[in-house]
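S.K.: Have a look at this one.
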Amino acid sequence: MHQNSDIKTLAELLVHSLKLYGHNFIFGTTGAGEAEIQDAISKEGDIKWIQALHEFTAVSSAEGYSLAKNKTGIALVDRIVGTQNSIGALYSAYINMAPMLVFSSRDIAGTHLLKDPTAHYSSKHLQIVEPWVKWSNNSQTEKMLEEDLSKALFITQLEPKGISFITLRHDLMQRRYNGIKIRIKNFYYNYRVPDEKTIAIISNKILEAQHPEIFISHAGRNPEYVETMVKFAEMFGIKVRERRYFMSFPLRHPLHLGFSPRMKPPELGNDDLALLFEFGILPGNKLNENVDVIDFSTDFVRRRDIYSGGDYGSSNLFNSMDIICDLGPTLEVIMKHAKIQGSDMNLIKERRARIEDKHNKLMEEIKESANNDIKSGRITASSIGHIINSNWENGMTFINGSISLNTKINLQMDLPEPGSYFSNPSGHLGSPVGMAYGAFLAKNEENYLNGIRNYKPVICITGDGDAIFGNFTSALWSVKHYNLGVVYIILNNGSWAVEWPYFENTIERIVAEKHDHQFIDLDSPRISYSKMAEAFSISSYDVRTLEEFDSALKNAINGARRGEPAVIDIIMDKFNP
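All residue numbers for the sequence shown refer to UniProt numbering, where the first residue is 1 and numbers rise by one.
Okay, here's the thing in structure tokens:
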């Protein structure tokens, strides 16, 4: 139980309790409905307020923090208007399975205790957010504050991880503290593992298969699962392909055979067994019915291990087994119970040799693609990824918000460390720019809180359209104001290029055949992201050649180590399909 005679209001009790639960940051925006809580933050002192200029960016930064720290991120938004502004970021965090506790202030007509003006009365917060949160509640009484906080924090980390959303009554936060006690709990989480019969069936299917393959989408969000997945693939000699939203399997590992498309079903080739590790299939897509499919998912409705799944999520039509479990512990149990005979070992050895040969050929193709572009001096996805990789250092973090160039950039990036890579599987544009500085605080928390400017930089690469959607100016203000070492790389091609394939698939194909670009246009005028950076006194670089990019990136990384953000605006040819 916690009781403190220095606490004067319930808002102060709430903020102090968050600190006792181990939270050092609250990501948010200003707002009249939050004034009591911000008063309490100012008094607490030891909990840091990280301000954004828009709720979308504030919630996105909490998402980045939660993913990079593997810990619940805390955000505070202002009343119904702030809640509405943050919906896209909540959707992004939902699909990313980011553990977050989001508070929204709430004014109730006739209850305001002070004589200052108030507005935006609403009781509809929860109806707006409920599709994208795990649990939501209107906190009603001071007696429930202890239970509300405990339940909300517990649920965020319970698999599948996600968002708790609580509205805080303004008048309740204003009430004088009456000695109510708050219990600070240590949460216990049990693993979900299939029964022995199911484990035996899975193990036998793997050992009987001639050409098994593992497909991974979201499993690397738990960094501790990565080593387990590597051991599992090695033990059974299984090839691996990813949708890279997290670093789920090291690209340079000899069992890795590259990346699978975001929205299309994976190409199974001669596979006779497909193991889906948190890898959903969008409905309407078909898998080969002759392939045995075992789907390992943490989410029983499979909404969140998929790109742009919405509220329908993944199809399970082609699965022979639907396994709802915690993946890492489940793989450990399968490995423990597998009875590998001598003949099995020979088969596994042969499989490994075949896979390693294919892997080596893929790595040569990747290397050749980058070398050709480097020699020609062309700025391409391959040459950009190659230069980022050549400047990479252990401990750095990569946020990849690009879409049309995403896979080719990732193919050039080694990134051997779990928890070093994050992306945006929601398909809702904009969240990576906020995620980047939340991730920076997560990766540099101790040094940042102690004022030691020896940081591990975060590199965020994204398209010009994504940056616009993400309230880029809000992120720029925050990284400068708080001295956060984020390097933003903007792929500036004057277009929402990712949208063009949809026009090529309309019934009449009018836009495509006329090459009418007005619906995806971001050109004339071409937006200058370096000028935006200059407006915030942030180091910026206009880049048109590979040499300029390499030089700019080196300078930007050196500055980011000291907490100096930077923007590199890569001026590319306008997208012209």
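The beta-carbon is built from N, C-alpha and C at its ideal position, and this holds for glycine as well.
Owing to the predicted nature of the structure, the values given are computational and were not obtained by experimental measurement.
Given this structure, state the Cα-to-Cα distance separating residue 96 from residue 164, to the nearest angstrom.
M.R.: By one-based count along the sequence shown, residue 96 stands at place 96. By one-based count along the sequence shown, residue 164 stands at place 164. Computed Cα separation, rounded: 14 angstroms.
S.K.: Taking the alpha-carbon of residue 308 as reference, which of 491, 100, 92 and 362 has the nearest alpha-carbon?
M.R.: Position 308 of the sequence shown, counted from the start, is the residue given in the question as residue 308. Considering only alpha carbons, the answer is 92.
S.K.: So who's on the other strand from residue 160, going by DSSP bridges?
M.R.: Against the sequence shown, residue 160 aligns to sequence position 160. DSSP output for residue 160 lists no bridge partner at all.
S.K.: When you compare each of 271, 495, 314 and 301 to residue 279 by their alpha carbons, which one comes out closest?
M.R.: Reading the sequence shown from its first residue, position 279 is the one you call residue 279. Nearest option by C-alpha distance: 314.
S.K.: Taking a contact to mean a Cβ-Cβ separation below 8 angstroms, would you say residue 50 touches residue 199 in this structure?
M.R.: In the sequence shown, the residue the question calls residue 50 occupies position 50. In the sequence shown, the residue the question calls residue 199 occupies position 199. Cβ atoms of residue 50 and residue 199: not closer than 8 angstroms.
S.K.: Is residue 31 near residue 107, with beta carbons less than 8 angstroms apart?
M.R.: Position 31 of the sequence shown, counted from the first residue, corresponds to residue 31. Position 107 of the sequence shown, counted from the first residue, corresponds to residue 107. Their beta carbons are not under 8 angstroms apart, which means residue 31 does not touch residue 107 by this criterion.
S.K.: Buried or exposed, going by whether 16 or more other CB atoms sit within 10 Å of the CB of residue 502?
M.R.: Residue 502 sits at position 502 when you count from the first residue of the sequence shown. So residue 502 ends up on the exposed side.
S.K.: Among the candidates 306, 174, 259 and 245, whose CA atom is the shortest distance from the CA of residue 35?
M.R.: Counting from 1 along the sequence shown, the entry for residue 35 is found at position 35. The shortest CA-to-CA distance from residue 35 to any of 306, 174, 259 and 245 is the one to 174.
S.K.: Tell me where the alpha helix (DSSP H) around residue 125 begins and ends.
M.R.: Indexing the sequence shown from 1 puts residue 125 at position 125. Here the alpha helix (DSSP H) through residue 125 covers 125–129.
S.K.: Candidates 14, 67, 40 and 15: which alpha carbon is nearest residue 434's?
M.R.: Position 434 of the sequence shown, counting from 1, holds the residue named residue 434. It is 67.
S.K.: For residue 381 versus residue 408, is the C-beta distance shorter than 8 angstroms?
M.R.: For this step, residue 381 is matched to residue 381 along the sequence shown. For this step, residue 408 is matched to residue 408 along the sequence shown. Contact: yes.
S.K.: Taking contact to mean 3 or more Cβ pairs, one atom from each stretch, closer than 8 angstroms, check whether the region 193–210 and the region 317–337 are in contact.
M.R.: yes
S.K.: Measuring CA to CA, which of 539, 472 and 443 is closest to residue 457?
M.R.: Locating residue 457 in the sequence shown gives position 457, where the first residue counts as 1. Ranking the options by Cα distance to residue 457, first place goes to 443.
S.K.: If you scan the region 312–393 from start to end, which runs of the beta strand (DSSP E) of 3 or more residues do you find wholly inside it?
M.R.: Within the region 312–393, the runs of beta strand (DSSP E) that reach at least 3 residues and sit entirely inside it are, in chain order, 321–324.
S.K.: Among residues of its own chain, excluding the 5 on either side of residue 154, which ones have a beta-carbon nearer than 6 angstroms to its beta-carbon?
M.R.: The residue you call residue 154 lines up with position 154 of the sequence shown. Result list for residue 154: 187, in chain order.
S.K.: Grouping DSSP H, G and I as helix and E and B as strand, with all else coil, what is residue 100?
M.R.: Residue numbering aside, residue 100 sits at position 100 when the sequence shown is read from its first letter. Residue state, collapsed to three classes: strand.
S.K.: Keeping to the same chain, check which residues put their C-beta closer than 6 angstroms to that of residue 1; ignore five residues upstream and five downstream.
M.R.: Along the sequence shown, read from residue 1 onward, the residue named residue 1 stands at position 1. For residue 1, the predicted model reports a pLDDT of 41, less than 50, meaning its position is unreliable and no value from the coordinates is stated.
S.K.: Does the CB of residue 123 have a neighbour CB from chain B at under 8 angstroms?
M.R.: Protein chain content of the structure displayed is limited to a single chain, and chain B is not contained in it.
S.K.: Quick one: what's residue 180 bridged to in DSSP?
M.R.: Position 180 of the sequence shown, counting from 1, holds the residue named residue 180. Note: residue 180 sits in no beta bridge, so no partner.
S.K.: Short of 6 angstroms in beta carbon distance, which residues of its chain neighbour residue 161, apart from the five on each side in sequence? Order them along the chain.
M.R.: Position 161 of the sequence shown holds residue 161. Excluding sequence neighbours, residue 161 sits near 97 and 99.
S.K.: Which ranges does the alpha helix (DSSP H) cover as unbroken runs of at least 4 residues, wholly within the region 213–282, from first to last along the chain?
M.R.: 224–236
S.K.: Rounded to whole angstroms, what's the CA-CA distance from residue 561 to residue 423? Just pull it up for me.
M.R.: If you number the sequence shown from 1, residue 561 lands on position 561. If you number the sequence shown from 1, residue 423 lands on position 423. Their backbone Cα atoms lie some 22 angstroms apart in a straight line.
S.K.: Indicate whether residue 229 and residue 248 have their beta-carbon atoms separated by less than 8 angstroms.
M.R.: The residue given as residue 229 occupies position 229 in the sequence shown. The residue given as residue 248 occupies position 248 in the sequence shown. Contact flag set, yes.
S.K.: What residues are listed by DSSP as bridge partners for residue 397?
M.R.: Here residue 397 refers to the residue found at position 397 when the sequence shown is read from its first residue. Beta-bridge analysis with DSSP links residue 397 to 458.
S.K.: Counting C-beta neighbours from all protein chains within 10 Å, is the total for residue 123 16 or more, i.e. buried, or is it exposed?
M.R.: For the purposes of this step, residue 123 is identified with residue 123 of the sequence shown, where counting begins at 1. When all chains shown are included, residue 123 counts as exposed.
S.K.: Go ahead and label residue 412 buried or exposed: buried means 16 or more other beta carbons lie within 10 angstroms of its beta carbon, across all protein chains shown.
M.R.: On the sequence shown, residue 412 is found 412 positions in, with the first residue counted as 1. Buried.
S.K.: Quick one, are the C-beta atoms of residue 492 and residue 572 less than 8 angstroms apart?
M.R.: Here residue 492 refers to the residue found at position 492 when the sequence shown is read from its first residue. Here residue 572 refers to the residue found at position 572 when the sequence shown is read from its first residue. Yes, these two residues count as a Cβ contact at 8 angstroms.
S.K.: Measuring alpha carbon to alpha carbon, tell me which residue in 429, 46, 292 and 39 is nearest residue 449.
M.R.: Counted from its first residue, the sequence shown places residue 449 at position 449. Measuring from the Cα of residue 449, the nearest candidate turns out to be 46.
S.K.: Just the C-alpha distance for residue 375 and residue 131, rounded to the nearest angstrom, thanks.
M.R.: Position 375 of the sequence shown holds residue 375. Position 131 of the sequence shown holds residue 131. Between residue 375 and residue 131, the C-alpha separation is close to 50 angstroms.
S.K.: Quick one: what's got a C-beta closer than 8 angstroms to residue 536's C-beta in the same chain, skipping five residues either side?
M.R.: Looking up residue 536 in the sequence shown gives position 536. So the list reads 473, 476, 477 and 480, once near-sequence residues are dropped.
S.K.: With residue 297 and residue 546 assumed to form a contact (beta carbons below 8 angstroms), what rounded beta-carbon distance in angstroms separates them?
M.R.: Start at 1 with the first residue of the sequence shown, and residue 297 comes out as number 297. Start at 1 with the first residue of the sequence shown, and residue 546 comes out as number 546. That pair is no contact at about 42 angstroms.
S.K.: Going by other Cβ atoms of all chains shown within 10 Å of its Cβ, with 16 needed for buried, is residue 396 buried or exposed?
M.R.: The residue labelled residue 396 in the question sits at position 396 within the sequence shown. Counting Cβ neighbours within 10 Å, residue 396 comes out buried, since at least 16 surround it.
S.K.: Using CA atoms only, rank isn't needed, just tell me which of 556, 14 and 73 is closest to residue 105.
M.R.: Here the question's residue 105 lines up with position 105 in the sequence shown. Ranking 556, 14 and 73 by Cα distance to residue 105 puts 14 first.
S.K.: Anyone know if the C-beta pair for residue 272 and residue 209 falls short of 8 angstroms?
M.R.: Stepping through the sequence shown from its first residue, residue 272 is reached at position 272. Stepping through the sequence shown from its first residue, residue 209 is reached at position 209. Their beta carbons are under 8 angstroms apart, which means residue 272 touches residue 209 by this criterion.
S.K.: What is the residue span of the alpha helix (DSSP H) that residue 94 lies within?
M.R.: Position 94 of the sequence shown, counted from the first residue, corresponds to residue 94. Its alpha helix (DSSP H) spans residues 87–95.
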